[in-house]
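Each remark here refers to the structure printed beneath this line.
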Amino acid sequence: MVIEIKEFRSPSPIVDLEQAIGQYILYQLLLKQVDPQREIYLAITTEVYQEIFDEAIGKLVIKKLNLKLIIVDLLKEEIQEWIN
Numbered sequence: 147m148v149i150e151i152k153e154f155r156s157p158s159p160i161v162d163l164e165q166a167i168g169q170y171i172l173y174q175l176l177l178k179q180v181d182p183q184r185e186i187y188l189a190i191t192t193e194v195y196q197e198i199f200d201e202a203i204g205k206l207v208i209k210k211l212n213l214k215l216i217i218v219d220l221l222k223e224e225i226q227e228w229i230n
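The opening residue of the sequence shown carries number 147 in the numbering used here; numbering runs sequentially from there.
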């Protein structure tokens with residue numbers, strides 16, 4: 147398993163989403179070449195999930211790109227959910 151940790155800090159959540167998706171897809175393509183058995187996950191905070199990925203556009207991205215997520219609660223320092 148490979149985990150890409152992504153912070154969404156820009157004023158535009160869409161810009162952050164575009165960058166995160168681009169990096170995720172690039173890493174996914176490269177990983178399939180060097181180690182096809184490994185999967186890549188995008189790690190995001192609970193807040194980012196609620197603000198972006200739990201909305202229509204985020205759900206579309208998850209479904210159409212088969213995006214795998216790890217949702218992390220930073221205050222509790224624990225994983226809240228795995229989305230395959």
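Each residue gets a CB set at the ideal place from its N, CA and C atoms; glycine is no exception.
Note that this is a predicted model, so its numbers are computed, not measured.
What's the gap between the Cα of Glu223 and the Cα of Lys178? Here residue 223 refers to the residue found at position 77 when the sequence shown is read from its first residue. Here residue 178 refers to the residue found at position 32 when the sequence shown is read from its first residue. A direct Cα-to-Cα measurement between Glu223 and Lys178 gives close to 30 Å.
Where the beta strand (DSSP E) containing Gln208 begins and where it ends: In the sequence shown, counting from the first residue as 1, residue 208 sits at position 62. The question names Gln, but residue 208 is Ile in the sequence shown. If you look at Ile208, you'll find it isn't in any beta strand (DSSP E); it sits in the alpha helix (DSSP H) that goes Ala202 to Leu211.
Helix, strand or coil at Leu175 according to DSSP, with G and I counted as helix: Along the sequence shown, read from residue 1 onward, the residue named residue 175 stands at position 29. Annotated three-state conformation of Leu175 is helix, per DSSP.
Tell me whether Gln226 is buried or exposed, calling it buried when 16 or more other Cβ atoms sit within 10 Å of its Cβ. Looking up residue 226 in the sequence shown gives position 80. Exposed is the call here.
So Gln174 and Ile186 are supposed to be a Cβ contact under 8 Å. How far apart are they, rounded? For the purposes of this step, residue 174 is identified with residue 28 of the sequence shown, where counting begins at 1. For the purposes of this step, residue 186 is identified with residue 40 of the sequence shown, where counting begins at 1. That belief holds up - the Cβ atoms of Gln174 and Ile186 are roughly 5 Å apart, short of 8 Å.
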